[in-house]
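Peer 1:
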Amino acid sequence: VSLYAATKKANELMAHTYSHLYGIPTTGLRFFTVYGPWGRPDMALFKFTKAMLEGKSIDVYNYGKMKRDFTYIDDIVEAVVRVQDVIPQANADWTVESGSPATSSAPYRVYNIGNSSPVELMDYITALEEALGMEAQKNMMPIQPGDVLDTSADTQPLYDLVGFKPQTSVKEG
Numbered sequence: 001v002s003l004y005a006a007t008k009k010a011n012e013l014m015a016h017t018y019s020h021l022y023g024i025p026t027t028g029l030r031f032f033t034v035y036g037p038w039g040r041p042d043m044a045l046f047k048f049t050k051a052m053l054e055g056k057s058i059d060v061y062n063y064g065k066m067k068r069d070f071t072y073i074d075d076i077v078e079a080v081v082r083v084q085d086v087i088p089q090a091n092a093d094w095t096v097e098s099g100s101p102a103t104s105s106a107p108y109r110v111y112n113i114g115n116s117s118p119v120e121l122m123d124y125i126t127a128l129e130e131a132l133g134m135e136a137q138k139n140m141m142p143i144q145p146g147d148v149l150d151t152s153a154d155t156q157p158l159y160d161l162v163g164f165k166p167q168t169s170v171k172e173g
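Using the UniProt record's numbering, read the sequence shown as starting at 1 and increasing by one per residue.
(1) Okay, do the stretch 44–62 and the stretch 20–30 touch, 3+ Cβ pairs below 8 Å being the bar?
(2) Taking the DSSP output, what are the residues bridged to residue 110?
(3) Counting along the chain, where does the alpha helix (DSSP H) carrying residue 74 start and finish?
(4) On the DSSP bridge assignment, give the partners of residue 58 in chain order.
(5) Mapping the DSSP letters down to three states, classify residue 93 as helix, strand or coil.
(6) Have a look at 69, 54, 18 and 124 and flag the residue whose alpha-carbon is nearest the alpha-carbon of residue 153.
(7) Just the C-alpha distance for residue 66 and residue 127, rounded to the nearest angstrom, thanks.
(8) Return yes when the Cβ of residue 166 is within less than 9 Å of the Cβ of residue 115, no when it is not.
(9) Determine the direct distance from the alpha carbon of residue 145 to that of residue 1, and round the result to whole angstroms.
(10) Report back the beta-carbon spacing between residue 136 and residue 125 to the nearest angstrom; my notes put them in contact at under 8 Å.
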């Protein structure tokens, strides 16, 4: 468990509580490793590209043995636009045993927005190398405390709701 993950889960629990106590319809959206134009400079795409262009090495954690569900910004926007007007309804038949975040006894839902195709970190770096026409200097390092090996978005509930399926591969993006 990481502090980052704990804060995300705490936010979802607070939203669910408000929804349950006060009947406020609430939809949570989980974005998976977003990249694209105007992206955050601390994310892999910009951080790695900048270092490579400056002739600096990039830190590759867990010796590159991790996967990320990279999601292009246009796919994120498309999913948000599709779900924005869908107001969640309480499900009177919901039970704790069902365990599905796609339904609840409150008017509350959580949806993953991701590519659903995790990419090996080293494959991602190779795609960057090919796009930039240069080889990255890699500083292979152990995994950071609290980091996860793999991320993968289960987007089936979102597909069932609004027919969303991501369109952009990492190489394309």
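We put the CB at the ideal spot given by N, CA and C, even for glycine. Keep in mind the model is a prediction, meaning the values are calculated, not measured.
Peer 2: In short, the structure shows the following:
(1) no
(2) 28
(3) 73–83
(4) 138
(5) coil
(6) 69
(7) 16 Å
(8) With contacts defined as CB atoms closer than 9 Å, residue 115 and residue 166 qualify as a contacting pair.
(9) 9 Å
(10) 6 Å
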